[in-house]
Amino acid sequence: MTDRLSELQAAGVAIWLDDLSRVRLSSGGLDQLRREQHVAGVTTNPSIFAKALSDATEYNWQLRDLATRGLEVEEAVRMLTTYDVRWACDVMRPSYDKSAGVDGRVSIEVDPRLAHETEKTVAEAKALWWLVDRPNLFIKIPATEEGLPAITATLAEGISVNVTLIFGLDRYSAVMEAFLAGLEQAKANGHDLSKIGSVASFFVSRVDTEVDKRLEKIGSDEAKALRGKAAVANAQLAYERYCEVFGSDRWQALADAGAHPQRPLWASTSTKNPDYRDVIYVEELIAPGTVNTMPESVIHAYADHGETRGDTITGAYDEARKVFTDLQAVGVDMADVIATLEREGVEKFEASWQELLDGVQKSLSEAAKGADRPNRAAKGNAQASQQAGGNA
1 MTDRLSELQA AGVAIWLDDL SRVRLSSGGL DQLRREQHVA GVTTNPSIFA
51 KALSDATEYN WQLRDLATRG LEVEEAVRML TTYDVRWACD VMRPSYDKSA
101 GVDGRVSIEV DPRLAHETEK TVAEAKALWW LVDRPNLFIK IPATEEGLPA
151 ITATLAEGIS VNVTLIFGLD RYSAVMEAFL AGLEQAKANG HDLSKIGSVA
201 SFFVSRVDTE VDKRLEKIGS DEAKALRGKA AVANAQLAYE RYCEVFGSDR
251 WQALADAGAH PQRPLWASTS TKNPDYRDVI YVEELIAPGT VNTMPESVIH
301 AYADHGETRG DTITGAYDEA RKVFTDLQAV GVDMADVIAT LEREGVEKFE
351 ASWQELLDGV QKSLSEAAKG ADRPNRAAKG NAQASQQAGG NA
């Protein structure tokens, strides 16, 4: 049998899983993916945790303990999620060691409500780094304008960062600048640059979803012919910028000091439109030094019928630029597309975070009632015993 995932890995793409749950950990499913499906990293987000905690009983024992301690819901959420991420870091540690710290990483996101608050984001990043206490952790920080200085400051502390919610090329350039500045400060602060990792999560399918919606509204044949092309073109041009930045003298000075490049990570790679090939955002974004984080369904789909055709990015820059030119010609404002996606991305993660908080609050309340029932029964038995002794 053809090992398609091995071929993808050999082409320079690190395969990461975009999912995590305690069921996946306790069942050994994550370790199996690492051993058998070449999965070399894990990404999480508030939506993933909201789903994991909503439909699993694996958290009940910890919820009971947290309820007994009377923790506030936000602290309880951090205890639950960091427990899972710490466990996942340990599962992925062989990949981390084998790759000299490049892969084997597990990501956890700062509170998305802090997306526009620089100092609080840095403080939250530090707290998560301390809580998980694993060298193969990534702290996810959104690439908002306020997030950029937080990225630099966090890296300067020697903390590894996954920059998330990148949609546009100019913002991606700013993210790489924030990374370089952070490593330069980390070096000045005496940190070992070889221990600091980073990826830049460039979102893919959401771009097609938004652009295709606008093309459908325009309705011309020229517009409809451009459906499903914007996302891949956008990511391909991002890789072009990556090659420029990490081919510079500035970067070489950091590399000479032991630094690893900030790899582009293709996120949101499951197709939202059933008319598109289910592995299009993997097949069309193959290039050395990249990461593709996928839901398990996409990993299995690629293992079944994915086609690794070598580097599908570096020879496509001119074609990608033409897609952008054609989009502008039919009336699609890509600057507005990117601004919309960033705003909605933060809003969606905030909504998922609130869903997570609400779900954990409900679970804590139920766990507290369950913990209280035995206490009341024990108290009743004690009173009955005292009463019986008095009657005697």
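Residue numbers in the sequence shown follow full-length UniProt numbering, run continuously in steps of one, and reach 392 at the last position. Glycine residues also receive a C-beta, built at the ideal position from the N, C-alpha and C atoms. All figures in this text were calculated on a predicted structure; none of them were measured in a lab.
Scanning Glu117, Ala115 and Lys195 for the CA closest to the CA of Gly258 turns up Lys195. Relative to Phe167, the option among Ala287, Arg214, Leu265 and Thr82 whose CA is nearest is Leu265. Under the three-state reduction of DSSP output, Thr121 falls in the helix class. Inclusion of Thr164 and Glu109 in the CB contact set at 8 Å is warranted, their separation being smaller than that value. The residue among Ser107, Ala52 and Ser270 with its C-alpha nearest the C-alpha of Arg134 is Ser107. From the listed residues Arg321, Gly219 and Val211, the smallest Cα separation to Leu341 is found for Val211. For Arg263, the closest of Ile15, Glu145 and Thr2 by C-alpha to C-alpha distance is Ile15. When rounded, the separation of the alpha-carbon atoms in Gly147 and Met334 is 22 Å. Asp31 carries a helical assignment under DSSP once its states are collapsed to helix, strand and coil. Counting only the Cα atoms, Ala150 lies some 7 Å from Glu119. Rounded to whole angstroms, the separation of the alpha carbons of Leu226 and Gly41 is 33 Å. CA-CA distance, Arg69 to Val91, rounds to 29 Å.
Between the alpha carbons of Ala253 and Leu155 lies a gap of roughly 17 Å. In chain order, Glu283 and Ile286 place their CB closer than 8 Å to the CB of Arg309, counting only its own chain and leaving out the 5 sequence neighbours on each side. Residue environment: Thr325 is assigned as exposed (fewer than 16 neighbouring CB atoms within 10 Å of its CB, all protein chains considered). Non-local C-beta neighbours of Arg4 in its own chain, meaning closer than 7 Å and more than five positions away in sequence, comprise Tyr302, Ala303, Gly306 and Thr308, ordered along the chain. Take Asp278, set aside five residues on each side of it, and the residues of its chain with a beta-carbon closer than 6 Å to its own are Thr271 and Ala301, in chain order. CA-CA distance, Glu347 to Val323, rounds to 28 Å. Per the Cβ contact rule, the region 218-235 is not in contact with the region 173-191 (fewer than 3 Cβ pairs under 8 Å). Contact between Leu30 and Arg24 holds: CB atoms are separated by about 5 Å, below the 8 Å threshold. Residue nearest to Ala200 within the set Ala127, Val291 and Thr44 is Val291 (criterion: CA-CA distance). Residues of the same chain with a CB within less than 8 Å of the CB of Leu53, apart from the 5 flanking positions on each side, are Tyr59, Leu80, Leu356, Gly359, Val360 and Ser363 in chain order.
Listed in chain order, the non-local C-beta contacts of Arg93 below 7 Å within the same chain comprise Gly104 and Asn136, local neighbours out to five positions each way being set aside. In this structure, the alpha-carbon of Val73 lies about 43 Å from that of Val332. A residue is called buried when at least 16 other Cβ atoms come within 10 angstroms of its Cβ; Gly197 meets this threshold and is buried.
The residues Val106, Val132, Arg134, Asn136 and Leu137, in chain order, have a CB closer than 7 Å to that of Cys89 in the same chain once the five nearest residues on each side in sequence are set aside.
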